[in-house]
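Engineer:
In the numbering used here, the protein residues as written are 7 to 122.
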């Protein structure tokens, strides 16, 4: 993952931890019965857990998408380079064959002139 992705994940984790701590402390100091407070804490903890799972899923999907994009780009670039090299080879191969054929014709013509 890139440095920016690590920073984002760290900031996200810090925000979630801070939010959880704030909610829990707020409930503990609220003037309610212990049973009701524990119920609220449990509910909020479950909500935060679900939010964290959702964010993890989102970040995971983004990473998979980026990997897929990078992989596709690399494959496409490698394919383009291979085609360019093959095209260049074919071009020069044809030129060499053509020049060689011309030289052979010239040599044959010279030999025929010498025989005559």
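Just so you know, even glycine gets a beta-carbon here, dropped at the ideal spot from N, CA and C.
Looking at the structure shown, is residue 39 part of a helix, part of a strand, or coil, going by DSSP?
Structural biologist: Your numbering for residue 39 matches position 33 in the chain shown. Looking at residue 39 - three-state DSSP - the assignment turns out to be coil, as it is neither helix nor strand.
Engineer: In chain order, what residues of the same chain lie with their CB nearer than 7 Å to the CB of residue 29, ignoring the 5 residues before and after it?
Structural biologist: Start at 1 with the first residue of the chain shown, and residue 29 comes out as number 23. Closer than 7 Å at the Cβ level, and outside the excluded window around residue 29, lie 50.
Engineer: Given that a residue counts as buried once 16 or more other Cβ atoms are within 10 Å of its Cβ, and exposed if not, what is residue 88?
Structural biologist: Reading the chain shown from its first residue, position 82 is the one you call residue 88. When all chains shown are included, residue 88 counts as exposed.
Engineer: Work out the CA separation of residue 91 and residue 111 for me, nearest whole Å.
Structural biologist: Start at 1 with the first residue of the chain shown, and residue 111 comes out as number 105. Start at 1 with the first residue of the chain shown, and residue 91 comes out as number 85. Distance between the alpha carbons of residue 111 and residue 91: 30 Å.
Engineer: Does the stretch 52-72 touch the stretch 17-27, meaning 3 or more C-beta pairs lie closer than 8 Å?
Structural biologist: The stretch 17-27, when compared against the stretch 52-72, does touch it at the 8 Å Cβ threshold.
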